[in-house]
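Some notes on the structure that comes next.
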Amino acid sequence: MSSCEKVLPQFPLPTHDVVIQYGFPSEFERNVVAYDEGQSRNLEKIIVLSDALSDLPPVANDEKRDKMSYRKAPETEFQKYIRAAKRGLGGWGLGIITLIAWTSSNFSFPFSQDMMGSSSCETSMGKNPVLYDHLPYPLNDDDYMRVCKIPKRKGANFRDLPGIIIGSDNGVRRAKEPNLMPSGKPWVPDYAINFRDGKSTKPFGRLWWDETVPTVFCFPDPHMRAVLHPEQDRLLSLRECARLQGFHDYYKFCGKLKERYSQVGNAVAVSVGRALGYSLGMAVQKLSGGDEHLMTLPPNFSHSTTTQLQSLLNKSEQ
33 MSSCEKVLPQ FPLPTHDVVI QYGFPSEFER NVVAYDEGQS RNLEKIIVLS DALSDLPPVA
93 NDEKRDKMSY RKAPETEFQK YIRAAKRGLG GWGLGIITLI AWTSSNFSFP FSQDMMGSSS
153 CETSMGKNPV LYDHLPYPLN DDDYMRVCKI PKRKGANFRD LPGIIIGSDN GVRRAKEPNL
213 MPSGKPWVPD YAINFRDGKS TKPFGRLWWD ETVPTVFCFP DPHMRAVLHP EQDRLLSLRE
273 CARLQGFHDY YKFCGKLKER YSQVGNAVAV SVGRALGYSL GMAVQKLSGG DEHLMTLPPN
333 FSHSTTTQLQ SLLNKSEQ
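Read in the numbering used here, the sequence shown has 221 at position 189, and its numbers run on one by one without any break.
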């Protein structure tokens, strides 16, 4: 409780298991929202790249279409959720707060059926479904040739290109005999060799199906980051980045392609915003758990429809 007797929102605890790739600065250790060591937890299975992207059709580096067909049905529960029609999901901001207000017996809040969504979660595999924004930012000719030489396997990166030597200290240096591209430029640019003293594996790195992407950047720059598709010679498409941020496929972005990438990268991940909206709604209704500063979200919260959340809240009140 705050000094003015207002109920402050609790921080939602994690819902899914995760592959820890980076640490956090020790100065911010007290700001980390996590379970305590030894604390019981019931985390959902980790969602990896294949869970999120395996149903999307192949596209080329020079893809120009802004819309296309899916070609295949969803293959995972995440894909069913992310391809769900807008009606049935409800809003993740106002919709969540409205939901909590509606289920509270001591509060009245006007709402419409459109706010709450329908009772079904119909996937976009109905008649002639359309997939938007599934095109990658095109690589220039030299970078495209480099990417085509990166093997399609886990861990592949610029170190698989010709013209370099990997030393015993894991550092990279240029070979004595130059190995040049048709343009006259070296296969491995200086920036890749010099990045982090030549010991990085990120430049022109391929992601792999069993991995996660900890950060969706405003622009998928292959020169300093691993942002290549696992099996296609291109960058991650705009739609693939949007899915990794939790945007549903019905969400269509506007503007030039590079600007749309920025919109996705600058956004708060949808599932995070949804969780914070839920916590805020609980605080507004004074339903937060006492003086605890952390809260456990309902089961299957991240990928449930508003109707399903409504059912969970009704059960919790019984």
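Here a beta-carbon is modelled for each residue, glycine too, at the ideal position from N, C-alpha and C.
- Excluding sequence positions up to five before and after residue 256, its CB lies within less than 7 Å of the CB of 227, 234, 235, all in the same chain and listed in chain order.
- Residue 76 has 48 as its beta-bridge partners, per DSSP.
- In the three-state DSSP reduction, residue 223 falls in the helix class (H, G or I).
- In this structure, DSSP gives residue 110 a helical state, which the three-state scheme calls helix.
- Boundaries cannot be given for residue 300, as no alpha helix (DSSP H) includes it and DSSP labels it neither H nor E.
- In this structure, residue 272 lies away from residue 167, with their beta-carbon atoms at least 8 Å apart.
- For the pair residue 307 and residue 333, the Cα-to-Cα distance works out to about 8 Å.
- Contact check for residue 98 and residue 164: beta-carbon distance about 6 Å, within the 8 Å limit, so the pair qualifies.
- Residue 260: member of the beta strand (DSSP E) spanning 258-260, first to last residue.
- Taking C-alpha positions only, residue 328 is separated from residue 50 by approximately 17 Å.
- Taking C-beta atoms under 8 Å as the contact rule, residue 113 and residue 335 qualify, at a distance of about 4 Å.
- Checking the DSSP bridge columns, you'll see residue 204 partnered with 198.
- Distance from the Cα of residue 92 is smallest, within the candidate group 265, 330, 285, for 265.
- Pairing residue 305 with residue 295, the inter-Cα distance amounts to about 15 Å.
- Contact between the stretch 171-180 and the stretch 275-286 is not established, with fewer than three Cβ pairs separated by less than 8 Å.
- Here residue 292 is not near residue 260, since their CB atoms are 8 Å or more apart.
- Proximity of the stretch 179-188 to the stretch 203-213 falls short of the contact definition, fewer than three beta-carbon pairs being nearer than 8 Å.
- Residue 107 and residue 217 have their C-alpha atoms some 42 Å from each other.
- For residue 188 and residue 111, the gap between their C-alpha atoms comes out near 26 Å.
- Contact check for residue 41 and residue 315: beta-carbon distance about 4 Å, within the 8 Å limit, so the pair qualifies.
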